[in-house]
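Numbering follows full-length UniProt numbering, with no gaps: position 40 of the sequence shown is 40. C-beta atoms are modelled at their ideal positions from N, C-alpha and C, and glycine is treated no differently. Report on the structure given below.
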Amino acid sequence: MLHSWPHDNFLAFSRQHEWGGLTAQSTTLNNGVTVIQHDSGVIEFQPAENIAKLDLVLSCAVHGDETAPIEICDELISALMREELVPQSRVLFLIANPAAINVGRRFVEENMNRLFSGGHSQGAGLVNRERKRAKALEGFVTDFFAATPSSHTRMHYDLHTAIRDSKHEKFAVYPYQNGKPYSAEQLRLLAALDVPVVLLHEGPTTTFSYFSVNSCQAHGFTVELGKVRPFGENDMSRFAKTKSQLIALITQGANIAAAPELSGVQVYQVQRSINRTQDDFQLNFPDDVANFTPFKQGDLLARDGSEPIYAEQDGEAIIFPNAKVAIGQRALLTVMPVALQHLNIV
Ligand SMILES: O=C(O)CCC(=O)N[C@@H](CCC(=O)O)C(=O)O
Ligand SMILES: [Zn+2]
């Protein structure tokens, strides 16, 4: 069924059609930009000529309560629709989970960011709307990147905010690279995005950003921009530098001066990804302990049933601790700082 198009706010439209399944519609703006609404929460901007040779995916609301990235994408989409911004790059915006936005929660039935790269099909016969949506989003991203030559720069920023405070307000998760080197240019672009701290995953995951790396050969990152807050409680001035860099990528492409030098980038290597396996999983530190808090070797971090979990080395720090995750899912990451010169960066 075709819906009035173009409507005056894509986020509101997407929240009205929260699980998608809509017929694609397109329009051409006065400035020659083609806009394709592939589905609810899936909108693509094609410049008349992709001068920048950058194909950029910006996703938000993989978790519905992480509102600051949703507000950023909403503002960028509206500015592009009003022709206040003229893209030189192809941009695909994904408002991943409008249903979770509508209930103000991380997810409705299942954590969408554990459903990519086949996660949506694990567990015999288990089907839910987040699994179907995750699979559909994989298709949109695959088709978006496949539509242009592999010589284009392919980038995917999956924009999040974190549940806890963090010693580093903004940081990116650099997904496992399957043995390929890390990109100096991408690290510098992240620093220019006001994201000077990077976490290197130690193996494959079922996150959205790893899907784009592993299945689309894109530069994909989970970008943590701040703290989870309800709509209207974000101090959007804290995201000004990030938003202006996103505008620069959209309007000038990745060949913009990725200003900051690598020397300003801090890198951590994930040491362990600790899953909750028992009903009685408890963290041994309070909720106000921030991401990147270091512990001493031998400190008790958590108990998984009767199994104690200790810090294995002095300075081992915690990331994303969450005792409420589903059984079998990640309850925390531990990381150690690593020197740039020890990494395979090109
Ligand atoms: O603050 C938290 O506990 C989680 C914040 C968040 O949603 N982080 C992502 C990280 C994904 C990745 O490891 O690339 C997630 O947990 O899905
Ligand atoms: Zn998130």
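If you measure from the CB of residue i, is any heavy atom of ligand 2 nearer than 7 Å?
| i | result |
| --- | --- |
| residue 62 | yes |
| residue 275 | no |
| residue 113 | yes |
Kindly examine ligand 1 and report whether one of its heavy atoms sits closer than 7 Å to the Cβ of residue i.
| i | result |
| --- | --- |
| residue 160 | yes |
| residue 67 | no |
| residue 171 | no |
| residue 164 | yes |
| residue 110 | no |
| residue 178 | no |
| residue 320 | yes |
| residue 224 | yes |
| residue 237 | no |
| residue 334 | no |
| residue 209 | yes |
Between which two residues does the alpha helix (DSSP H) containing residue i stretch?
| i | result |
| --- | --- |
| residue 294 | Premise fails: residue 294 lies in the beta strand (DSSP E), 293 to 295, not in any alpha helix (DSSP H). |
| residue 143 | 129 to 146 |
| residue 213 | 208 to 216 |
Which residue comes first and which comes last in the beta strand (DSSP E) that contains residue i?
| i | result |
| --- | --- |
| residue 220 | 219 to 227 |
| residue 157 | 153 to 162 |
| residue 274 | 266 to 275 |
| residue 80 | Counting along the chain, residue 80 falls outside any beta strand (DSSP E), though it belongs to the alpha helix (DSSP H) covering 67 to 81. |
| residue 176 | Premise fails: residue 176 is in no beta strand (DSSP E) and is neither H nor E. |
| residue 318 | 316 to 319 |
So which of the options has the shortest CA-CA distance to residue i?
| i | options | result |
| --- | --- | --- |
| residue 278 | 188, 268, 136, 308 | 308 |
| residue 172 | 313, 20, 210 | 210 |
| residue 193 | 164, 167, 225, 174 | 225 |
| residue 103 | 66, 207, 143 | 66 |
| residue 169 | 190, 338, 291 | 291 |
| residue 58 | 201, 43, 195, 147 | 43 |
| residue 218 | 150, 84, 205 | 150 |
| residue 333 | 112, 283, 305, 109 | 283 |
| residue 154 | 237, 197, 221, 112 | 221 |
| residue 39 | 33, 335, 21, 178 | 21 |
| residue 34 | 230, 324, 6, 195 | 6 |
| residue 262 | 152, 195, 11, 321 | 195 |
| residue 163 | 48, 314, 340, 319 | 319 |
| residue 288 | 160, 227, 328, 335 | 227 |
Which value, in whole angstroms, describes the spacing of the CA atoms of residue i and residue j?
| i | j | result |
| --- | --- | --- |
| residue 247 | residue 223 | 16 Å |
| residue 269 | residue 200 | 5 Å |
| residue 60 | residue 37 | 16 Å |
| residue 146 | residue 50 | 14 Å |
| residue 130 | residue 107 | 8 Å |
| residue 301 | residue 317 | 10 Å |
| residue 166 | residue 157 | 20 Å |
Practice task
Would you check if there are 3 or more beta carbon pairs closer than 8 Å linking the segment 91 to 105 to the segment 10 to 27?
Solution key: Segments in contact, yes.
Exercise for the section: Evaluate contact between the segment 269 to 285 and the segment 244 to 257, counting only Cβ atoms and requiring at least three cross-stretch pairs below 8 Å. Expected result: When Cβ pairs closer than 8 Å are counted between the two stretches, the segment 269 to 285 is seen not to touch the segment 244 to 257, the count staying below three.
Practice task
Inspect the CB distances between the segment 131 to 141 and the segment 286 to 296 and report whether three or more fall short of 8 Å.
Solution key: At 8 Å Cβ cutoff, the stretches do not touch.
Handout entry: Stretch pair the segment 107 to 118 + the segment 197 to 209: three plus CB contacts closer than 8 Å
Key = The segment 107 to 118 makes contact with the segment 197 to 209, as at least three CB pairs between them are under 8 Å.
Handout entry: Touch test, the segment 83 to 90 against the segment 49 to 58, Cβ-Cβ under 8 Å, three pairs minimum
Key = Judged by pairs of C-beta atoms under 8 Å, the segment 83 to 90 touches the segment 49 to 58, as three or more such pairs exist.
Handout entry: Given 8 Å, three or more beta-carbon pairs between the segment 61 to 80 and the segment 119 to 130
Key = Under the three-pair Cβ rule at 8 Å, the segment 61 to 80 does not count as touching the segment 119 to 130.
Exercise for the section: Please confirm if the segment 178 to 195 is in contact with the segment 74 to 88, defined as three or more CB-CB distances below 8 Å between the two stretches. Expected result: At 8 Å Cβ cutoff, the stretches do not touch.
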